[in-house]
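Just so you know, we're using the numbering used here here: the sequence shown kicks off at -4 and counts up by one.
From the three backbone atoms N, C-alpha and C, an ideal C-beta is built for every residue, glycine too.
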Amino acid sequence: MKTLEEFRQFFSEKLTHELSAAEAARKATIFRAVLVWVFAIPFGALATWLIAEWMGQEYLVAIAILVTLVLGFLAYMLWKEVLSSRRFYNLFKGRVIDGIVRFVDERLHYIPHRYLPAATLVKSRLFGKPIHRYEGDDYCFMQLENGTFVEFSEIHAKSIEKQEGKKVAVPVFDGLFAHVRSHEARVGDFYILPKGMTDADLYQPGRLTLYTADHPDFDSHFAVYASSGAAARRYLTPSLTEAILDFHRQYPDRTVLIASHGKEVYVGLSCNSHLFEPDVWQSLQKIEALEEFFLDLAALMKLLNTVTDLSGAPVSPEAQPA
């Protein structure tokens, strides 16, 4: 896996040019937005004077208020439209974020405005609450030579509940969510949940038993549920427990969710905010925000590699009898 130091070198050698182009597009967007008000204010003053000359100076105050409301609203809408221009956004996502994704793993493909369907979250059985509001972006996928398919994206799912007579949007999941369709089936159902969650929080969990990892630090923060002891022993490996604990130590306020059913494996890393959405009012050339995005992707790929085989090596055919 790539390190933070390697990413910083990649940033200085590869991303600087792409960021310069995106930064120029950002500044041009702000300039065009400012021009809206540069023209709107004198035009509004001129319109007020002309109408007052036509209707009479006694209506000047009323005319000024009316023109300010009408032209102010139109200028504001145009200003918002200019600022929401997708040019700099698409330039940044298409070059910078795509470059970071491929740096993490060159086999990954990136589609900025696509995301995992809500059905994927439902099939994971990790979420017992119904999903009523759903959005996401930053979809990544790769197809390995052995048939394994990997996909993930940022996801924001909410459930609408009634609380004290009012409808409230309750978060179901916010963060990076991954789905792996392995080339070989796995034994039974297997879950790793943050402490505090139980099988009662899952969607149609089936018959599950609580297991321990015989690792005090891991067991104090996570719960393991499986349909059989064989599944728990096979998939709760030392490398997986250490990878999860490494993430927990780095981000103690974020959760890890893992589910395995047959050939399907699901991994969720929670996040309290959108991972990386460029802001037209902030410089794009700050490496700190890009480092956070890289670390999130690297952490997810590390977990995926410990949960299932992502080497992509073809499956060797079984030896045939002579």
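Rounded to whole angstroms, how far is the Cβ of Phe172 from the Cβ of Ser148, which I believe are closer than 8 Å? 7 Å
Let me check one thing: in DSSP terms, what residues is Ile150 bridge-paired to? Gly131, Gly170
Nearest to Phe289 (by Cα), restricted to the options Leu45, Phe98, Ile60: Phe98
On the three-state DSSP scale, how would you describe Gln138? strand
Comparing alpha-carbon positions, which option in Thr63, Leu205, Lys157 lies nearest Ala40? Thr63
In the structure shown, what three-state DSSP assignment does Lys118 receive? helix
Using the rule of at least 16 other Cβ atoms within 10 Å of the residue's Cβ for burial, across every protein chain shown, is Ile92 buried or exposed? buried
Measuring alpha carbon to alpha carbon, tell me which residue in Ile60, Val182, Gly257, Leu292 is nearest Arg176. Gly257
Would the beta-carbon of His127 fall within 7 Å of that of Tyr261? no
Keeping to the same chain, check which residues put their C-beta closer than 7 Å to that of Ala317; ignore five residues upstream and five downstream. Any reading at Ala317 must be qualified, since the residue scores a pLDDT of 33, below 50, and its modelled position is unreliable; the value itself is stated next. So no residue of the chain qualifies.
Measuring CB to CB, does Ala208 end up less than 7 Å from Thr236? yes
Checking 7 Å against the spacing of the C-beta atoms, do Leu292 and Ala238 come in under that value? no
Contact the region 215 to 228 vs the region 183 to 203: 3+ CB pairs below 8 Å: yes
Is the region 122 to 137 touching the region 157 to 173, taking contact as three or more C-beta pairs under 8 Å? yes
The alpha helix (DSSP H) spanning Ala226 covers which residue range? 224 to 230
Taking only three categories from DSSP, how would you classify Ala294? helix
Would you list the one or two residues that DSSP bridges to His104? Phe136
Under a three-way DSSP split, which group does Glu259 fall into? strand
Please state if the CB of His178 and the CB of Asn141 are separated by a distance shorter than 7 Å. yes
Hey, out of Glu283, Ser265, Glu48, Tyr230, whose CA is closest to Thr303's CA? Tyr230
Cutting at 6 Å between CB atoms, please list the residues of its own chain near Tyr186, excluding the five before and the five after it. Tyr220, Ala254
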